[in-house]
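Scroll down for the structure; my scribbles are underneath it.
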Amino acid sequence: MDCLFCSIAQGQIPSNKLFEDEEILAFYDIDPQAPIHFLVIPKKHIDSAAALTQQDGALLGHIYATISRLCSELGCENGYRVVTNVGQDGGQSVKHLHFHVLAKRSLAWPPG
Ligand code: AMP
Ligand code: ZN
């Protein structure tokens with residue numbers, strides 16, 4: 018399958034990595050929308066959050082625990098936002114599950 022984030026996960030396309038292990042990869046977004054903007058992806062291909070099942074519970078726990086640790090290391094004590102866009106109305110442009118993490122500015126709500 019031709020998938021940009023699978024290619025990044027496999028190291029075929031370079032990325033500015035923050036963290037990597039066997040299951041997940043965190044890397045900076047190429048078009049940052051906040052002073053800190055990184056993405057966390059599972060290395061295995063999952064289309065979006067709409068494709069998640071109970072079996073992905075441990076993976077999701079690992080992703081959120083890693084986000085918490087990275088945000089702590091990056092000094093995001095004022096808070097941050099975790100977003101996953103799903104499908105057309107959700108504004109998903111890359112069809113491989115990813116969590117945006119945005120920090121170091123006050124973020125508006127509701128989103129546009
Ligand atoms: P979404 O619109 O929610 O699917 O988010 C996709 C995100 O991937 C966007 O914020 C893009 O800026 C980002 N992106 C696209 N290509 C790359 C890349 N090669 N390296 C890092 N981030 C990327
Ligand atoms: Zn993929």
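Residue numbers for the sequence shown follow our numbering, so the first one is 18 and each next one is one higher. All C-beta atoms, glycine included, are put in the ideal place defined by N, C-alpha and C. Being a predicted model, the structure only gives us computed values, none of them experimental.
request  = Using a threshold of 9 Å, state whether the C-beta atoms of A66 and V57 are closer than that.
outcome  = Contact flag unset, no.
request  = Work out the CA separation of L91 and N33 for me, nearest whole Å.
outcome  = So the alpha carbons of these two residues sit roughly 15 Å apart.
inquiry  = Just to confirm before moving on: does the CB-CB distance between A51 and L119 stay below 9 Å?
reply    = Note that the C-beta distance between A51 and L119 is below 9 Å.
request  = For the ligand ZN, list every residue whose C-beta falls under 6 Å from any of its heavy atoms, going in chain order.
outcome  = Output, sorted by chain position: C20, F22, C23, H62 and H113.
task = In angstroms with no decimal places, state the Cα-to-Cα distance between K121 and A82.
result = For K121 and A82, the distance between alpha carbons rounds to 19 Å.
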